[in-house]
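Protein chains in written order, with the working numbering: chain A, 1 to 265; chain B, 1001 to 1452; chain C, 2001 to 2486.
Note that the Cβ used here is the ideal one computed from N, Cα and C, for glycine as well.
Computed from a prediction, not measured in an experiment: that's the story for all the values here.
See below for the structure under consideration.
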Amino acid sequence: MNDMTHKGLDLATQTAKISASGVQVHYGTNHALKDVDVTILDRTVTAFIGPSGCGKSTFLRCLNRMNDTVASCRVSGQILLEGEDIYDRRVDPVQLRAKVGMVFQKPNPFPKSIYDNVAYGPKIHGMTRNKAELDAIVEASLRKAALWNEVKDRLDATGTGLSGGQQQRLCIARAIATSPEVLLMDEPCSALDPIATAQVEELIDELRHQYSVVIVTHSMQQAARVSQKTAFFHLGNLVEFGETGAIFTNPKDTRTEAYITGRIG
Amino acid sequence: MTDISAAGAMPATQPKNSLFVQDDLTRRRNAAEARFKWYGIVAIVLSLSVLAIMLFTIFRDGTSAFRQASVAFPITLEADILDPNGARDPADLAKVTTIGYGNLIGQQFANFLTAEGITVEGISDKDISGMISRDAPGRLRDMVLADPSLIGQTIDFNAYATGRIDGYMKGRVTLETAELDSNVSLEQLQLADQLIARNILTSGFNSGFLTNPDASDQRPESAGLGVAIIGSLYMMMLVLIFTLPVGVAASIYLEEFAPKNRLTDLIEVNISNLAAVPSIVFGILGLAIFINFAGLPQSSSLVGALVISLMTLPTIIIATRAAIRAVPPSIRDAALGVGASKMQTVFHHVLPLAMPGILTGTILGLASALGETAPLLLIGMVAFVTNYPAGPFDGGVMDPATALPVQVYSWASRSDPAFIERSSGAIIVLLAFLVIMNVAAILLRRRFERRW
Amino acid sequence: MSVFLLLVVIAVLSVAGFVLCRQRALKSVDGNIRRLHSLPGYYGWFGFILASIPALLALALWLIIQPLVIERQLSSFFPAEMIEDPSARTLLFADVRRVAAGLDTAVAQGAMSEDQAERVRTEFGSVRDRLAAVGVALGAEVTPAVLAAAQEYREMARVGVIGRSILTLILSVAGLVFAIRATGPDFRARNRVEQVVLALLILSSTIAILTTVGIVLSMLSESLRFFTMYPAADFFFNLTWSPNFRGNSELGLIPLLWGTLYISLISMLVSVPIGLFAAIYLAEYASNRVRSVVKPLIEVIAGIPTVVFGLFALVTVGPLLRDYFAQPFGLGNSGSSVMTAGIVIGILNIPFISSLADDIINAVPQSMRDGSLGLGATKSETIKKVVLPAALPGIMGAVLMAASRAIGETMIVTMGAGAAARLDLNPFEAMTTITVKIVSQLTGDTEFNSPETLVAFALGMSLFVITLGLNILALWIVRKYREQYE
């Protein structure tokens, strides 16, 4: 996985899933994100790296309009999902979020059973007609999240009783149960131990075959391991964006170089 | 490890719906969202409008209690009626009862009307004298007994009009209601109209409402809050004296010294449970322990204060403990670090810093204690008390008294509608006290608010 | 020496103790404070404490014990059958005390000499009249036994006063002397004083326990007395409540309990949805500005005394319901009704439910909401399916506490529910509750020792048990719920 030449993947053949241009974000008077242009490809893992407070999480939350829940937040610029502006007046964030799922920094399973956690999304989006279909989605999602074998005998047990790594994989299963096209992950491994981290990283690599994955991470090693494209943010600016291998071996910007060699951050 | 083939079990990828088109389900979900939000708005509007209606009705009914109709006319205090022996001997004077004075007032009032040329066809002398409050003879008698030299003179006398005449001036009594009312006649109302026109019957600020003691069913016009205000004041003073030291001491012990043991747990459980015991139960406690067992006088503000103190103590302890807990441990460490004893640390540093919070909590506790009614009914404070209690240092706290909220209740349970007006008026006075206390608490909090 | 005078003397001795001990401490080190173990003030306080506290404790004990001893001694004046019945005994000794107090007043006013008061006999004329002349009104003529007992009472009380004064003064002076002799540079005055202060703190905090014990004991003893006059099974299971002042009352709890629960149910139907929706709106939808205005306004409702709500029920809500609902639909003609009281109690409880629910909803971590919103749930779906289920135990606790408040509420039901005990389903009928009957049975003019009055204590006991049970359950649920997030 540390191999940076990506087997069986030709970035050039992938179509653009999300293209953002000129995105600006303000929190009250704080200018949190300045004029960001990024294109996110289909079936690719894109990593956002940068020091704390650089705006990478803010940008991630713009992509499924989770920033709407913050009253003081204003977003301008254009973010197109398959050519449609997600900040268009006609767009319902509820529908958007079904297409652009999200996994959070801290595992946050609902205090319900494992089954209900995964079934929650399909239920609210009315994706199934009967229990059998729902069962099928739950099983498929748990399998894809590599959790099925560990929990298949206790689907009725509460989700909060799982270990940290299992909880995070449950949250991933929950997110993919709504069949999203894009999966946003906000530092999904920062609350996990190394073994659980390895499992989740392996999972992300698998998910790439079906989804476009965007991951925010603090760990440069993680970005190098799992992503094909990397964006480096610093003080609200997108400093550099390109293929992961190029960013880590041959950064163009001095700030990027300083960050990946550990001089700023 | 991931079983990609299982993806076959997934329904085929969703049809590519445009984000710009809301599907039916989303529209239904958004409608449900809007409905849900409206439930919240309706709930808030409903509760606030009930509050507004309640306050509105109280002020509509109650403000008129602060105005009172009275009749002004000259009275000649005829010596041969009031002092037949002519000796001005107090014992002799005291033999003339209020009935004698009542007759004198009625007769003089009738004479005065005749002299002024005011008359209404078919009105009886009884109707004429019946326009003046039954409280007037007593007041006139007290004036004469206090100053016998008045006898034989003609004085300007200002008497309350009866509740019905007062109600007529306030619009509560009309010609229609008077026809059905045996306590007032149409002639009296016609006479009242003439008296109003001649400025003999006037309505003015009713200071007696704040100072007079309670009055019987027949004379709502002279019923006042004097005894109730004194009683409430005595009780609040005593409650403050009882609860503040004990509450602070208990809180200091529980927050700073109490070891983790069964006794502490027991105290904690008791405090939280006492805070939720119905207030009437404290009334039963007061009746059984303070009156029947300890033999303290019934209806006294002392017993009322004891009962209310026990009730308020848990609230005050909870507030005080929160204030003490808000003092950061670094302060304690600093004091202990320079060699102060634990006790010195608490009394020299923690307590002064927590004091504003403690006082705020105490004032709010007192404010809720001021409105407490039910336990006071059981210890006899609902009694009809017409004598002012003695001064606080002359054992006044042992004298029978009543309290503001109890007065509200006892007036509300009388039949004459004039008492509903008084009852609402008493609530206005009560609310005024509550507002003052709450504002004081808020100012105190603002003034001393500290962010650690 | 009167108690007041005694207190003054003790106070003087205590202040003297403070001054003397402090001076002696200073003198013992020639003014060099550094050689003292504690600050000089602590020596002073030690003297103050020793001169006052033992004496005050002895005085308090004496005041409690003396009447008991005297009563026991005076029992010999009366035939045994008069003493045995506890209620007759209470009345008898009340008479004795009143006559004795009357004689004291007579002596004080000069209407009798001390000698006369000791030797006056009923045989030579009415004692009642002689006492009435000095303004002491007695209900009935004084019997020879009562008079003799009263005279003995005065004699014993006089001896008691002397004994009391001597004992307390000796204790006070002894404490003072001991404190002065103990004072010296090595004496650890601060530690001693702090021990005493700590004891006072502990004593203060046990008041909560004492209050509970007082509540339980006072209600239990009177309830037991009630059950000796009226069978417990009848009280708990009889379906009729009709007290009769000539005896033969039927005092069944069931109709009162029914009224109480019915009214509480209606109040919960009003307060739970309104309070909950208001809390949800404030916690999840309202902007900060709306919240900062509306939340205090709703809490104003909680600060209004219940008697105000009572008047509102009596004057506004009751007639409104009667004129626009009950009468047009032929459901009743009463302004006071289950509906009136229930609705008004419900309004009273709205802020209680909403502020508790607000706290509980805010305690649900934001990450739960994010998880749900991130999946594309709407806000209301998030609230209904994630936030409320997570907060459910806490909300249940709040609802139980509100129910307990509704059950124990007194003024609103006294003024708005009516006084007729009946088992009925029509919510527009007047019904009555446990609390209403406690008030009416204890504020009436009936004799205290009759079952009609004592039943109030049994009612109070039932009320206490019900509300306490609900509260303990609620606290337990809430505590369990808190552990979930800690």
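Rounded to whole angstroms, the gap between the alpha carbons of Ala2179(C) and Pro2067(C) is 33 angstroms. By alpha-carbon distance to Cys2021(C), the top candidate from Ile2010(C), Ala2051(C) and Ser2002(C) is Ala2051(C).
A Cβ of chain B is located within less than 8 angstroms of the beta carbon of Asp88(A).
For Lys106(A), the closest Cβ of chain C is nearer than 8 angstroms. In the DSSP assignment, the residues bridged to Tyr1160(B) are Ser1070(B). Chain-order list of chain A residues neighbouring Leu2373(C): Met66, Thr69 and Arg97, by C-beta distance under 8 angstroms. Within its own chain, the residues whose Cβ lies closer than 8 angstroms to the Cβ of Lys123(A), once the five positions on either side in sequence are excluded, are Leu134, listed in chain order. Identification of residues in the stretch 1031–1048 of chain B having a C-beta nearer than 7 angstroms to some C-beta of chain C yields Ala1032, Glu1033, Phe1036, Lys1037, Tyr1039, Gly1040, Ile1041, Ala1043, Ile1044, Leu1046, Ser1047 and Leu1048, given in sequence order. Its chain contains Pro2351 and Phe2352 as the residues whose beta carbon lies nearer than 7 angstroms to that of Ala2302(C), once the 5 sequence neighbours on both sides are disregarded; these appear in chain order. Counting other Cβ atoms within 10 Å of its Cβ, Val1021(B) stays below 16 and is therefore classed as exposed. In this chain, Cys2021(C) is not harboured by any beta strand (DSSP E); it is covered by the alpha helix (DSSP H) spanning Val2003 to Ser2028. Contact annotation: the stretch 1021–1035 of chain B does not touch the stretch 2247–2254 of chain C, with fewer than three C-beta pairs closer than 8 angstroms. Arg1028(B) carries a helical assignment under DSSP once its states are collapsed to helix, strand and coil. The bridge partners DSSP lists for Val216(A) are Phe48(A) and Asp186(A). Closer than 8 angstroms to the CB of Gly2376(C) there is at least one CB belonging to chain A. Pairing Leu192(A) with Gln168(A) gives a Cβ-Cβ distance under 8 angstroms.
Fewer than three beta-carbon pairs drawn from the stretch 1223–1236 of chain B and the stretch 1244–1255 of chain B are found closer than 8 angstroms, and the two stretches are therefore not classed as touching. Taking C-beta atoms as the reference points, Trp2241(C) and Leu2256(C) count as a pair closer than 8 angstroms.
A straight line joining the alpha-carbon of Leu2203(C) with that of Glu1256(B) spans about 15 angstroms. Looking at the backbone, the Cα of Tyr120(A) and that of Arg174(A) are separated by about 8 angstroms.
For a Cβ distance threshold of 8 angstroms, residue set Phe104, Lys106 and Asn108 of chain A lies close to Ser2367(C), ordered along the chain. One Cα belongs to Ser2337(C), the other to Leu2463(C), and the distance between them is close to 21 angstroms. Taken through DSSP and simplified to helix, strand or coil, Leu2220(C) comes out as helix. DSSP, reduced to helix, strand and coil, places Glu82(A) outside both helices and strands of the structure shown, so it counts as coil. Taken through DSSP and simplified to helix, strand or coil, Gly2330(C) comes out as coil.
A Cβ-Cβ separation of about 5 angstroms places Ser227(A) in contact with Thr244(A) under the 8 angstroms criterion. Interface flag for Met2339(C) against chain B is unset, since no Cβ pair is found closer than 8 angstroms.
Residue environment: Thr261(A) is assigned as exposed (fewer than 16 neighbouring CB atoms within 10 Å of its CB, all protein chains considered). Within the model, the alpha-carbon separation for Arg1332(B) versus Val1346(B) is close to 8 angstroms.
Taking the Cα positions, Ile1379(B) is about 46 angstroms away from Gln1190(B). Residue contact with chain B for Gly126(A): present (Cβ-Cβ distance below 8 angstroms to some residue of chain B). At a cut-off of 4 residues, the continuous stretches assigned as alpha helix (DSSP H) that sit fully inside the stretch 1386–1435 of chain B are 1404–1412.
Closest by C-alpha distance to Val1050(B), out of Leu2356(C), Ser2450(C), Ile2347(C) and Thr2453(C), is Ile2347(C). For Phe2309(C), the enclosing alpha helix (DSSP H) starts and ends at Thr2306 to Phe2312.
Its chain contains Phe2018 and Val2193 as the residues whose beta carbon lies nearer than 7 angstroms to that of Trp2045(C), once the 5 sequence neighbours on both sides are disregarded; these appear in chain order. In the same chain as Ala2398(C), and ignoring 5 residues on each side of it, the C-beta atoms closer than 7 angstroms to its own belong to Ile2353, Leu2356, Ala2357 and Ile2360, in chain order.
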